[in-house]
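Residue numbers (the numbering used here): 77 to 823.
Backbone N, C-alpha and C define an ideal beta-carbon position, used for all residues, glycine too.
Computed from a prediction, not measured in an experiment: that's the story for all the values here.
Below, the structure is given as structure tokens:
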């Protein structure tokens, strides 16, 4: 009982401390919260676990940064405190001259005014936003709301330490940083309009709604007609609805592109999204989605329109996969943008926009440049007659001029023309599988590749990386190589024999990563910085007929492993099972420095430069001078390098990216010794490697980079698959070997 009394007392004390504020008082605790987010490295989303009160983390952060001298968090902020803060921030004298330096206590508004004055000089100042928003609910009114979580007309925010319950159904001015409310300035209106919310049902006195993801029942006096399953705007005052505006006009069609600003719908073109756009999934129970959940190439939702904009969307159909949309890159796979496009077709074909159609005969050439007036009418679609294939004459692939089943869409972009091939998934696979795995491999091996390729395609239908351009994937190694090699009878047989089969884990489609050759062991997704426990089907295991007990994260153990060979390893006879690159230090340094800035621009958070105090920070780096040492900082499961530190005569960098390590240490002109001969590669084949310094007369003269495998090493080794088939393993057994715990599901 005493413990319960104490708990209640502490809660009441915290509430009373928070509620004693008025517009005439602004406390050190409140100021600390604002400054912690705006002017320090404080990154947590609320209370400090080591603190006793909601403000502990903020006060600690601000005190440690020397921004405020805080003796009592409940003490008033005085003008002299903000004056000292300004000096600490090193603001210009002209700004300092405008500030008071007195012992007078500041009102909330006075503090907020000074805060905004000083904001440009705070390290996170650009992240602080002043906005107006309606407060839809807090944990006091919404069961879905978490602790200190508020639902607003601008999204969900945390409001740690702020009294907000009395602001529900009002419109306020608030300061935010990220997803945290820093302060409420004032109440703008004692009413609010909730736009594009979902009304589930109603009675004659209430409406049951979903407001931005949270269920809430509103009072409504004298409702004369039933309202249910409809999008609406609600005006609310004091918890009662004063006005309902339902929205029922809809458009439907295949989605051709999606951005945060518009949806391109077949037959309608680009239709702008309302600022308060909402999307609700009523097919899979009930869920609130975002524009990023709209799948291009399909018509799964009805779009609700008002005043020329899409206000909302309702997903009411399942995704039955039929087609996939593929961006075709230009020759050499250098870009998704084309300077011009030339097409022809094996049969007659139609070129159409939303405004016109033109028929062409078989063999006619259609050419499009970015300034062509057709593109002003929107997306241009090229559709062949039945059985026809479209040849893209302006692109060259390994097989020559590529031709494509399905339709071709051409869309204008600032950088050029984007080509999208809308093609049935099974037809797509016929030109993926032989492009990804040699058709000379056994059909059983090609079945493994077919299931993996199909699973990979299904997974990317919902990823939305190319939604802006109306596609799911592109045709390069960034996704799956498509139509670089023509169809082959063996791979077609494998695709047909596994038709509709995908790999799943707990009912979810698996993104089946694969690569060319293993070094005898695989790694897991921690090599990319992901949590391996979230992907239990990607595990490190030996790709061998004999399993070993080795900890390859240990440097000595890995060196012994990678400098030896085991004929029991399935990849042992392939060229890149083992490889070695020898480079003198000058050539290696020059090659490394030539690529460094480009790699930094592509991954600035992964290439860090050492500071004077020994810490590492992301900053522009173009040259480290002559390399003096290479140190492996961390290996992932299986021994793949996750991080290296490279010391140079001019600078030291830490590289925390598998792909950057491979790219920076590769040498285009240097011969690499392989398991079967020599080759040249612009990147290291993998990061399953060691860096052995070479000395001449006591001085560092070069490095031997000794490694094995070709690819990232996660999931399936394609060459190993072919050897497993020779050992009489079937495709189901092989899939289970590389993706343990998964199941083959028929779609």
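Unbroken beta strand (DSSP E) runs of length 3 or more, entirely within the segment 618-690: which are they? 655-660, 683-686
If I follow the unbroken alpha helix (DSSP H) through residue 171, where does it start and stop? 169-172
ask   = Three-state secondary structure (DSSP) at residue 809?
value = helix
Mind checking whether residue 309 and residue 270 have CB atoms under 8 angstroms apart?
-> yes
Self-check item: Exposed unless 16 or more other CB atoms sit within 10 angstroms - verdict on residue 266
Solution: exposed
What whole-angstrom Cβ distance do residue 496 and residue 406 have, given they're in contact under 8 angstroms? Going by Cβ atoms, the distance from residue 496 to residue 406 rounds to 14 angstroms, so no, they are not a contact pair.
Residue 44, buried or exposed, once every other Cβ within 10 Å from all chains shown has been counted against 16:
Only positions 77 to 823 of the chain appear in the structure, and residue 44 is not among them; the question remains open.
**Study point:** Burial state of residue 568 (16 or more Cβ within 10 Å)
**Key:** buried
With three or more beta-carbon pairs closer than 8 angstroms as the criterion, would you say the segment 321-341 touches the segment 375-383? yes
Specify the secondary structure class of residue 551 as computed by DSSP and reduced to three states.
-> coil
Which residue's Cα is closest to the Cα of residue 469: 462, 463, 480, 459? 480
Query raised in the report: Exposed or buried, which one is residue 192 when buried takes at least 16 other CB atoms within 10 Å?
Result: exposed
*Between residue 591 and residue 599, what straight-line distance do the alpha-carbon atoms span, to the nearest angstrom?*
12 angstroms
Report task. Check whether the Cβ of residue 546 lies closer than 8 angstroms to any Cβ atom in chain C. Result -> Absent from the structure: chain C. Only one protein chain is present.
Taking Cβ positions, are residue 220 and residue 289 nearer each other than 8 angstroms?
yes
How big is the Cα-Cα spacing for residue 565 and residue 805? 22 angstroms
*asked:* With a threshold of 8 angstroms, are at least 3 pairs of Cβ atoms found where one atom belongs to the segment 797-815 and the other to the segment 502-521?
replied: yes
Check: Cα-Cα, which of 154, 486, 679, 205 is closest to residue 418?
Finding: 486
Item to complete: Could you tell me which residues DSSP pairs with residue 154 in its beta bridges?
Response: 181
message: Assuming residue 740 is part of the alpha helix (DSSP H), what are its boundary residues?
response: 734-741
_Per the DSSP calculation, residue 17 is bridged to which residue(s)?_
Within the shown structure, residues of the chain are numbered from 77 to 823, placing residue 17 beyond reach of any answer.
Supposed contact pair residue 493 and residue 444 - C-beta distance, whole angstroms, cut 8 angstroms: 6 angstroms
Flag this pair as yes or no: are the beta carbons of residue 682 and residue 732 separated by less than 8 angstroms? yes
Sequence-distant residues of the same chain with beta carbon closer than 6 angstroms to residue 456, five excluded per side
429, 450, 486
Q) Any idea what DSSP makes of residue 614, helix, strand or coil? A) coil
- Strand pairing of residue 788, partner residues [DSSP]: Answer by DSSP bridge pairing: none, since residue 788 is not bridged.
| Residues that residue 107 bridges to, as DSSP identifies them | According to DSSP, residue 107 bridges with nothing at all.
Q) Is residue 789 near residue 679, with beta carbons less than 8 angstroms apart? A) no
Query raised in the report: Around the Cβ of residue 245, are there at least 16 other Cβ atoms within 10 angstroms (buried) or fewer (exposed)?
Result: buried
Please report how far the alpha carbon of residue 132 lies from the alpha carbon of residue 104, in whole angstroms. 11 angstroms
* To do: Would you list, in sequence order, the uninterrupted beta strand (DSSP E) runs of no fewer than 3 residues that lie entirely inside the segment 222-277?
  => 225-228, 231-234, 247-253, 256-265
On the criterion of 16 or more Cβ atoms from any shown chain inside 10 Å, does residue 145 qualify as buried, or is it exposed? exposed
query: residue 611 to residue 677, Cα distance in whole Å?
result: 29 angstroms
Are there 16 or more other CB atoms within 10 angstroms of the CB of residue 305, so buried, or fewer, so exposed?
exposed
Query raised in the report: DSSP state of residue 746, grouped into three classes?
Result: strand
Considering only C-alpha positions, which residue in the set 117, 116, 115, 134 is nearest to residue 109? 134
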